[in-house]
Each structure stands twice: as C-alpha cells, then as structure tokens.
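Accompanying notes for the structure given below.
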Amino acid sequence: GLESVDWVVPFSEQTPERLICHVIPNVLVKGGDYRPEEIAGGKCVIENGGKVEVLGFIEGCSTSNVIEAIRHGVESSQTE
Numbered sequence: 004g005l006e007s008v009d010w011v012v013p014f015s016e017q018t019p020e021r022l023i024c025h026v027i028p029n030v031l032v033k034g035g036d037y038r039p040e041e042i043a044g045g046k047c048v049i050e051n052g053g054k055v056e057v058l059g060f061i062e063g064c065s066t067s068n069v070i071e072a073i074r075h076g077v078e079s080s081q082t083e
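If you read the sequence shown in the numbering used here, its first letter stands for residue 4, the second for the next number, and so on.
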C-alpha cells in the first residue's frame, strides 16, 4: 500500500462524482491533461475547502497500458 493513500473505493457509475461528493475528500488527485474544474467531483471538493490536484501527464503511461501489460504477461506465463 501507499502511506499517503487513505482509501481506494470501487464504484459502478459512469463517473465517481456522486461518490466523491458524498465522501468530500480533503484532496482529490487525477492524472492527465485536465483542469481541476473538469474533474468529476472536483467542484464539490473545492466548494468544501478541499484541493484538486492534477498530476503531470506522462506520454505512453496509462492505466490501460498497465492493464494490457499485465494481461499480456499473464497470457505469456500461461502458455509457457
């Protein structure tokens, strides 16, 4: 785990906005090329005194790429 992460919460809606507005975290962090006001739940966080931080975008580094690499690794190890 990461010492700086308090919770990781799965959600089934299209966006986590309803969950974020219910929890109202002190800090909401999103990676990529976003503005804080564009991030789902960001407005709720800011209106309640929290901060919305956007991490810098790293070309070629994405959750989708990580998932594909893991799947490929699992598939490779199962065929060996």
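We treat Cβ as the ideally placed atom computed from N, Cα and C, and that holds for glycine.
Separation of Val26 and Arg74 (C-alpha to C-alpha, rounded to the nearest whole angstrom) is 32 Å.
Residue Tyr37 holds the alpha-carbon nearest to the alpha-carbon of Glu56 among Glu71, Glu6, Ala72, Tyr37.
Across the structure, Val12 and Ala72 are spaced so that their CA atoms are roughly 23 Å apart. Note: Gly34 is bridge-paired with Leu58 in the DSSP secondary-structure output.
With 16 or more neighbouring CB atoms inside 10 Å of its own CB, Cys47 falls in the buried class. Distance between Pro19 and Gly34, taken at the CA atoms: about 15 Å.
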